[in-house]
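Enquirer:
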Amino acid sequence: GAGVSQSPSNKVTEKGKDVELRCDPISGHTALYWYRQSLGQGLEFLIYFQGNSAPDKSGLPSDRFSAERTGGSVSTLTIQRTQQEDSAVYLCASSQTGGGYGYTFGSGTRLTVV
Amino acid sequence: AQSVTQLGSHVSVSEGALVLLRCNYSSSVPPYLFWYVQYPNQGLQLLLKYTSAATLVKGINGFEAEFKKSETSFHLTKPSAHMSDAAEYFCAVNAGGTSYGKLTFGQGTILTVHP
């Protein structure tokens, strides 16, 4: 596609439920990043994919968070047993190469846990 | 490890005045540096980047930034502010080189432009 597409744009969920956030990177981009943007923490790195592999998942805050990427394209970030502190905007970005020269962000998914 | 400090969480200027947003970084290796802009309810848009070529970098919308190694700074400037420049601006550092773009962001600076 023309840009990085994220869905849904907004998600409200009850505490304890699982949620899936989707990212469609720009076609042909091999690198894919997930970040979280929250009021208290600013922008935090979560995980990096190169193709379908995740060489760096050091930013995932707990084992409730997981992510996968299939076909070198779409990525899904899953949060199990959501907590109120998971409320944030989740941003995805992609790049043609490793991303060292910067990358293109999607508009994000605003997650609210009530 | 790398870090980024943006001085001033809020900056207010008049339309037509100089914009100066400050960014200082810490990195154990030669860094790549970025400025991103975020408009309300949107993702981050790349304004400009320094990747070890020219130290004065020009970006979109009339913004520029100068990499000063001795001061470990990468301040963002624009000679004349426009109302449309009102947004939040993030400075970021990548110490992974060309092959890996994990970014460490500053806390952001909200720019307000008064008529």
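Chains as they are written, first to last, in this note's numbering: chain A, 1 to 114; chain B, 115 to 229.
Beta carbons are placed, not taken as given, at the ideal position from N, Cα and C, and that holds for glycine.
Predicted model, so just to flag it, every value in this text is computed and none were measured.
1. Distance, Cα to Cα, Val19(A) vs Gly71(A)?
2. Mark Asn208(B) as exposed unless 16 or more other C-beta atoms lie within 10 angstroms of its C-beta, in which case mark it buried.
3. List the endpoints of the continuous beta strand (DSSP E) containing Asn10(A).
4. Tell whether a beta-carbon distance below 9 Å holds between Thr13(A) and Val113(A).
5. Cα separation between Leu160(B) and Asn138(B)?
6. For Gly51(A) and Ser126(B), I'd like the C-alpha separation in whole angstroms.
7. Counting beta carbon pairs with one atom in the segment 141-154 of chain B and one in the segment 196-207 of chain B, are three or more of them shorter than 8 Å?
8. For the segment 165-208 of chain B, which segments carrying the beta strand (DSSP E) assignment without a break, of at least 3 residues, lie completely within its bounds, in sequence order?
9. Keeping to the same chain, check which residues put their C-beta closer than 7 Å to that of Thr169(B); ignore five residues upstream and five downstream.
10. Are the CB atoms of Cys92(A) and Tyr33(A) within a distance shorter than 9 Å?
11. Ends of the beta strand (DSSP E) at Tyr139(B)?
12. Tell me, please, whether the CB atom of Asp24(A) is closer than 9 Å to any CB atom in chain B?
13. Which one of Gln84(A), Gln96(A), Thr78(A) has the shortest CA to CA distance from Leu21(A)?
Expert: In short:
1. 21 Å
2. buried
3. 10-13
4. yes
5. 18 Å
6. 43 Å
7. yes
8. 170-172, 178-182, 187-192, 201-208
9. Glu180, Phe181
10. yes
11. 133-140
12. no
13. Thr78(A)
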